[in-house]
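A.B. asks:
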Amino acid sequence: MAYGVGMREVPLRPIVHVLVCTNARESGAALGPGCGESGENVYDAFKREVDRRAAHRTIWIARARCLGVCPKHGATVVVHPGAKVLADVEPANAVEVLLAAVGRTTREP
Ligand code: FES
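Heads up: the sequence shown at position 13 corresponds to 80 in our numbering, and the numbers run straight through without jumps.
#1: Quick one: residues in its chain with C-beta nearer than 6 angstroms to the C-beta of residue 112, no 5 flanking neighbours on either side, listed in chain order?
#2: Quick one, are the C-beta atoms of residue 83 and residue 169 less than 8 angstroms apart?
#3: Please list, in chain order, all residues of the same chain as residue 110 whose beta carbon is under 7 angstroms from its beta carbon, the five residues on each side excluded.
#4: Which ranges would you report for the alpha helix (DSSP H) in the stretch 93 to 164 if only whole runs of at least 4 residues count?
#5: Helix, strand or coil for residue 79, going by three-state DSSP, please let me know.
#6: Go ahead and pull the three-state DSSP assignment for residue 169.
#7: Per the DSSP calculation, residue 85 is bridged to which residue(s)?
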């Protein structure tokens with residue numbers, strides 16, 4: 068597929084792509100405080116696991132703004148492939164989430 072002027076496709080393709088909500092809202096916001104600091108802690112836990120596996124080229128972890136769930140505890144995470152939406156994710160869940168995601172792929176991380 069050809070793209071417009073100024074845009075190009077890059078030949079990189081993660082086997083697992085994790086989006087972690089780190090959205091923080093102001094105190095008293097109607098939708099709650101957001102994943103905020105919990106999301107940052109979850110993001111850091113995923114990054115540590117990717118570092119430990121030296122899997123930076125195949126497992127991508129990215130911060131995201133609100134992913135639409137806004138849990139009271141932990142953070143919302145979306146895991147590709149499969150677009151699995153997980154709520155209430157805590158840092159201690161990072162390893163099992165990655166193992167499950169890698170297990171759903173047909174490629175090695
Ligand atoms: S603020 Fe994290 S999912 Fe909405």
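For each residue, glycine too, the CB sits at the ideal point set by N, CA and C.
Model, not experiment: these values are computed from the prediction.
C.D. replies: The short version:
#1: Start at 1 with the first residue of the sequence shown, and residue 112 comes out as number 45. Closer than 6 angstroms at Cβ, skipping near neighbours: 158, 161.
#2: Residue 83 sits at position 16 when you count from the first residue of the sequence shown. Residue 169 sits at position 102 when you count from the first residue of the sequence shown. Their beta carbons are under 8 angstroms apart, which means residue 83 touches residue 169 by this criterion.
#3: As a position in the sequence shown, residue 110 is number 43, starting the count at 1. Result list for residue 110: 87, 89, 128, 130, in chain order.
#4: 103 to 120
#5: The count along the sequence shown starts at 1 and reaches residue 79 at position 12. DSSP places residue 79 in coil when its eight states are reduced to three.
#6: Looking up residue 169 in the sequence shown gives position 102. Helix at residue 169.
#7: Locating residue 85 in the sequence shown gives position 18, where the first residue counts as 1. The partner list for residue 85 (beta bridge, DSSP) reads 128, 146.
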